[in-house]
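In case it helps, our numbering puts the sequence shown at residues 114 to 382. Cβ atoms here follow ideal geometry from the backbone N, Cα and C, with glycine treated the same way. Predicted model, so just to flag it, every value in this text is computed and none were measured.
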Amino acid sequence: MSRFTLALVQTDVVFGDPQANLAEAEKWIARVAAQGAEMALLPELWATGYALERAEQLADPLGEGGFAAMARWADKYGVAVGGSHLEKTPEGVYNTFALYGSDGSLWGAYRKIHLFGPMSERLFLLPGDYVEVVQSPWGAVGLAVCYDLRFPEIFRLQAVSGVRLFLLVAEWPRRRIDHWHMLLRARAVENQAFIAAVNRVGKDKRHLFGGESSVVGPDGKLLGRLGNRPDTLLLDINLSQANAVRQRFSPLHDCRPEAYRLRRERRYA
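In structure tokens:
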């Protein structure tokens, strides 16, 4: 089984107000579940926004708070639910993308590796140190968060590990929304995989966010895109289409990582 209905839940986020954001997010999850979604994705830091000065206060251990809410909604509405939230650990706080199955069980959790300096992540958060591949009923999926989109290495590692669908959650600024679209297509084309990316809308104290949540197919074609207001995008995804694209022409099979090194001594005739 490689076919399912995916929902991107593009929301605004009330800055630093988890109660308000949890109430709003549940409404959207209930709505897309009623429309037949089998997986629903919320944006990056959907429960708090970038209120990082209060990260210690707003963060929850994995399995509590905002994480527990996603698990509860998944079980209640019978839909897999994912999104990123501030994770509290003894070492510090991470920006963690958790994905829960339709029974509320944790499928996987990914701590954002690449912290974005202009939004002060490095001052308040710890970087993750692993790439996550999650086994779902429809096949392996790769998790990534916002700024990770600019680093193709993690997507290639996921692709060669069997991933046919990348899931990306983001708070991508409006002023660089053209980069958003270019990079989504690039990650899809170079890995011949689907990429489903949900971005928030609205603004906080310093930033205006771009929305335009999108799904791109393994051939680089845009399959669906939202505007810049709160909304949902539901699409049927058939991961076997990625297999078909790779069978016709697959640069992945021609990679030669053993040769990707600088020549130390250059001698030219």
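Can you give the Cα-Cα distance for residue i and residue j, rounded to whole angstroms?
i    : j    : result
A372 : L281 : 30 Å
R235 : L228 : 6 Å
Q360 : R277 : 13 Å
G275 : L121 : 23 Å
T161 : R313 : 12 Å
A143 : N351 : 23 Å
D173 : G129 : 13 Å
A309 : R377 : 41 Å
Once you ignore the five residues that flank residue i on each side, which residues in its own chain have a CB closer than 7 Å to its CB?
i    : result
D188 : D216, G217
S233 : L165
V246 : A253, G255, Q271, S274, V276
G241 : Y207, Y223, R224, K225, I226
A355 : R277, Q305, A306, F307, P331
E169 : V206
L410 : Given a span of 114 to 382 for the chain in the structure shown, any question on residue 410 remains unanswerable.
Classify residue i as buried or exposed, calling it buried when 16 or more other Cβ atoms lie within 10 Å of its own Cβ.
i    : result
Q123 : buried
H366 : exposed
Y243 : exposed
K318 : exposed
T345 : buried
D291 : exposed
M152 : buried
G149 : exposed
E204 : exposed
F322 : buried
Between which two residues does the alpha helix (DSSP H) carrying residue i extend?
i    : result
G178 : 178-190
Need the endpoints of the beta strand (DSSP E) that residue i sits in, please.
i    : result
D291 : D291 -> not in any beta strand (DSSP E); alpha helix (DSSP H) instead, spanning 290-304.
A211 : 206-213
Determine, using beta carbons only, whether residue i and residue j come nearer to each other than 7 Å.
i    : j    : result
V192 : Y213 : no
L119 : L348 : yes
G333 : R298 : yes
W251 : F117 : yes
Should residue i be listed as close to the ligand SAH, given that the test is whether its C-beta is under 6 Å from any heavy atom?
i    : result
W186 : In the structure shown, the ligand SAH is absent, as is every other ligand, since no ligand is present at all.
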